[in-house]
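Written out below as structure tokens is the structure these notes cover.
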Amino acid sequence: MKRKRILRYISLFFILHSSFFISSCGVYSFNSAKLDPNIKTVQVSTFTLSAAGGQANLPLQLTERLKEYYQRYTNLKVVPNNGDLVLDGTITGYELTAVAPTANDQAGQNRLTMTVQVRFSNNKDDTKNFDQAFSFYQDFPQNQTLTQNEARLVPRLLDQLVLDIFNKTAADW
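Per the working numbering: the sequence shown = residues 167 to 339.
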């Protein structure tokens, strides 16, 4: 699990740094995938929350982070409707679980997992459309509460989910 997390951070590092080398000609190339130069706009509809937990503004945070990411790392214009690319979805999971059992049958760590169901439509190429769940987690010590860690963990979860969603939609990874 640590290796997978390290690989995600390395991917994030390269994407963030490679964005400076993307040309403004309208074709984006990420690991040999290309975003059609005819695609000019992206619509990110406000996500909803169907999970039992989580902060009330979680859907808005996710929606705004997605919009900002597209604005920062592409030349696409974010529009309120009729986008060439359309993203919408639901936060379906916000779960706290005990992990890493100790010799005393107690959890050594707690895990906060967030799951987002994303519906993506590419109005220029229907073969790119998908409806997929994205999930990510962060662990924290068993002797600490979620309240003590939520302000630190939620931004990390959102950042990773945004990166995964962006990679699937724009980078086609």
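Backbone N, C-alpha and C fix where the C-beta goes; we use that ideal spot for every residue, glycine too.
Would you grab the beta carbon distance between Q298 and T256 for me? Rounded to a whole angstrom, and I think it's under 8 Å.
As a first step, residue 298 is located in the sequence shown; it is residue number 132 there, counting from the start. As a first step, residue 256 is located in the sequence shown; it is residue number 90 there, counting from the start. No, Q298 and T256 are not in contact; Cβ-Cβ is about 12 Å, not under 8 Å.
Taking only the alpha-carbon atoms, compute the straight-line gap between Q227 and V328 and give it to the nearest angstrom.
Taking the sequence shown and counting its residues from 1, one reaches residue 227 at position 61. Taking the sequence shown and counting its residues from 1, one reaches residue 328 at position 162. Rounded to whole angstroms, Q227 to V328 spans 11 Å at the Cα level.
Around the Cβ of D250, are there at least 16 other Cβ atoms within 10 angstroms (buried) or fewer (exposed)?
In the sequence shown, counting from the first residue as 1, residue 250 sits at position 84. Buried, by the Cβ-count rule.
Any idea what DSSP makes of A317, helix, strand or coil?
Looking up residue 317 in the sequence shown gives position 151. Note: A317 maps to helix in three-state DSSP.
DSSP has I257 in a bridge; who is on the other side?
In the sequence shown, counting from the first residue as 1, residue 257 sits at position 91. BP columns for I257 point to L215 and V282.
Along the chain, where does the beta strand (DSSP E) that runs through Q237 open and close?
In the sequence shown, residue 237 corresponds to position 71, counting from 1. No beta strand (DSSP E) holds Q237; the alpha helix (DSSP H) holding it covers L224 to Y239.
If you drop the 5 nearest sequence neighbours on each side, which residues of the same chain put their C-beta closer than 8 Å to that of N248?
On the sequence shown, position 82 is the one that residue 248 refers to. Closer than 8 Å at Cβ, skipping near neighbours: T207 and Q209.
For Q310, the three-state DSSP class (helix, strand or coil):
For the purposes of this step, residue 310 is taken as the residue at position 144 of the sequence shown. Note: Q310 maps to coil in three-state DSSP.
By a C-beta neighbour count over all protein chains shown, 10 Å radius and 16 as the cutoff for buried, is A336 buried or exposed?
Counting from one through the sequence shown, the residue named residue 336 turns up at place 170. Burial call: buried.
Can you list, in chain order, the residues of its chain whose CB lies under 6 Å from that of F332, leaving out five sequence neighbours each side?
Translated into positions along the sequence shown, residue 332 becomes position 166. Only Y235 meet the Cβ criterion.
State the Cα-Cα distance for the pair D294 and N270, rounded to the nearest angstrom.
In the sequence shown, residue 294 corresponds to position 128, counting from 1. In the sequence shown, residue 270 corresponds to position 104, counting from 1. In the sequence as displayed, the identity of residue 294 is Lys instead of Asp. When rounded, the distance between both Cα atoms is 49 Å.
Residue burial classification, R231 (beta-carbon count within 10 angstroms, cutoff 16):
Start at 1 with the first residue of the sequence shown, and residue 231 comes out as number 65. Classification for R231: buried.
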